[in-house]
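In the working numbering, the protein residues as written are 74 to 496.
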């Protein structure tokens, strides 16, 4: 039946799909009783629904919100109102209108809760402040774990999946050092450098955030499930993708911009020229973040990316002091010097289990007699003699008159990590 001026077309379907084709567009444009008026919706719920609509992203949603006033207004607008927004057009408007009616924020939150996740939108107080400064902040984050204020001091460490022994060693060393210095380590939980960086941060007793390349219920790679549980317990797993979204080559660039967006800077350890890590570095530059790189062997494919970045002005990183110099606004010179001294001491405290047993025996005592150390550690006299010489060379302990041993004073300033095994 043709539409009558001044009356709303009658239709059993609220989108007018039971009308003849000529009438459907007319039905979609009527605004007397928009579908959203049937139930009030908050901005938070609207962001969750908009995040599930295929074919629109953060940039287009921001344009719509600016034009129409709020995210809930986007969902209640007529097709004409949507189409009038620059960059949307009739097809984009019809795409939104055709999907919005079947989506429910409460249902999405309930499904996420079954996975142990919660949803965080730009109107929530714990939405990361750093993401609000980028061009295209996510509409919604699925989060397992905790988002904390200290996450504002984050460093992203990224690199190749096909990591070399050298690359893994550098990523582990630098992630550990940066974590001990107070950085939250951010990466993408991919194989290779990402996995090494996350594990090193956990080993250091620090926080780490993994930004997923797919939905929370499509964890990738599958062998990192145990790591994901550790990260959720000591940091956060984050995804902007609606439940059910499989990771693929189209989702990873979106993931990369969140990795860089969460961070003060990005450190590239090993990466080819055409790689996700280089994409993350490019996005970091666009977002005004620092970019740093670890040099490698000139005959390695994984060195080409970092070397290109260094040639283009990225800071060359050899150790923690280089990272701290990049962030002088966070670490004044005196604080940098203190952290470097602290790191030097910790490096000397990278001990074999038997060496650690000697240090632990001395930890709560000003000094001990050689025979007392034998009794406390259970080591033989010859073995303890060898270990004490090694620890002297590492400047961990010193000899005193009367066959007594003591820890160096500066060693006592730093925490000794819990024992992992006994000799």
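Just so it is clear, CB atoms sit at the ideal spot from N, CA and C, and this is done for glycine as well.
Quick check on the burial criterion: 16 or more other C-beta atoms within 10 angstroms. Buried or exposed for residue i?
i: residue 94; result: Note on residue 94: pLDDT 39, under 50, position unreliable in the model; the coordinate value appears next. So residue 94 counts as exposed.
i: residue 208; result: exposed
i: residue 389; result: exposed
i: residue 147; result: buried
i: residue 453; result: exposed
i: residue 101; result: Because the pLDDT of residue 101 is 37, which lies under 50, any placement of that residue in the model is unreliable, and the number read from its coordinates should be weighed accordingly. Result: buried.
i: residue 154; result: buried
i: residue 210; result: buried
i: residue 271; result: buried
i: residue 162; result: exposed
i: residue 329; result: buried
i: residue 385; result: exposed
i: residue 133; result: buried
i: residue 253; result: buried
i: residue 476; result: exposed
i: residue 371; result: exposed
i: residue 337; result: buried
i: residue 365; result: buried
i: residue 515; result: Look at the range of the chain in this structure, 74 to 496, and you will see that residue 515 is not part of it.
i: residue 240; result: buried
i: residue 450; result: buried
i: residue 273; result: buried
i: residue 478; result: buried
Among the options, whose alpha-carbon lies nearest the alpha-carbon of residue i?
i: residue 185; options: 161, 210, 481 and 214; result: 214
i: residue 138; options: 127, 116, 429 and 264; result: 116
i: residue 341; options: 311, 380, 331 and 330; result: 380
i: residue 212; options: 160, 276, 311 and 290; result: 311
i: residue 292; options: 307, 441 and 321; result: 321
i: residue 392; options: 174, 248, 324 and 382; result: 248
i: residue 439; options: 451, 481 and 463; result: 481
i: residue 467; options: 159, 200, 428 and 350; result: 428
i: residue 223; options: 141, 230 and 199; result: 199
i: residue 424; options: 374, 445, 461 and 359; result: 461
i: residue 201; options: 189, 179, 219 and 188; result: 219
i: residue 246; options: 396, 484, 302 and 378; result: 396
Can you tell me whether DSSP reads residue i as helix, strand or coil?
i: residue 260; result: strand
i: residue 209; result: coil
i: residue 341; result: strand
i: residue 159; result: coil
i: residue 237; result: coil
i: residue 373; result: coil
i: residue 481; result: coil
i: residue 365; result: strand
i: residue 266; result: helix
i: residue 354; result: helix
i: residue 451; result: coil
i: residue 227; result: strand
i: residue 473; result: strand
i: residue 442; result: strand
i: residue 108; result: Residue confidence is low: residue 108 scores 44 on pLDDT, short of 50, so the model does not pin down where it sits. Its coordinate-derived value is still stated next. Here residue 108 sits in helix by DSSP.
i: residue 389; result: strand
i: residue 526; result: Limits of the chain in this structure are 74 at one end and 496 at the other, which puts residue 526 out of reach.
i: residue 75; result: Per-residue confidence for residue 75 stands at a pLDDT of 40, beneath the threshold of 50, marking its modelled position as unreliable; no derived number is given.
i: residue 253; result: helix
i: residue 428; result: helix
i: residue 360; result: coil
i: residue 437; result: coil
i: residue 402; result: coil
i: residue 150; result: coil
i: residue 127; result: coil
i: residue 133; result: helix
Please tell me whether, using a cut-off of 8 angstroms, the distance from the CB of residue i to the nearest non-hydrogen atom of the ligand GDP is below it.
i: residue 281; result: Among the ligands in the structure shown, none appear at all, so the ligand GDP cannot be discussed.
Assuming residue i and residue j form a contact by the criterion Cβ under 8 angstroms, report the distance between their Cβ atoms to the nearest whole angstrom.
i: residue 216; j: residue 193; result: 5 angstroms
i: residue 242; j: residue 262; result: The pair is not a contact, with the Cβ atoms about 20 angstroms apart (cut-off 8 angstroms).
i: residue 315; j: residue 168; result: Their Cβ separation, rounded to whole angstroms, is 16 angstroms, which puts residue 315 and residue 168 out of contact at 8 angstroms.
i: residue 227; j: residue 403; result: No, residue 227 and residue 403 are not in contact; Cβ-Cβ is about 11 angstroms, not under 8 angstroms.
i: residue 344; j: residue 233; result: 5 angstroms
i: residue 339; j: residue 362; result: 6 angstroms
i: residue 265; j: residue 235; result: 6 angstroms
* At 3 residues or longer, and completely inside the stretch 278-321: list those beta strand (DSSP E) runs for me, N to C. => Listed in chain order, the complete beta strand (DSSP E) runs (minimum 3 residues) inside the stretch 278-321 are 281-284 and 308-312.
* Which runs of the alpha helix (DSSP H) spanning at least 4 residues fall entirely within the stretch 163-196, listed in chain order? -> Listed in chain order, the complete alpha helix (DSSP H) runs (minimum 4 residues) inside the stretch 163-196 are 178-187.
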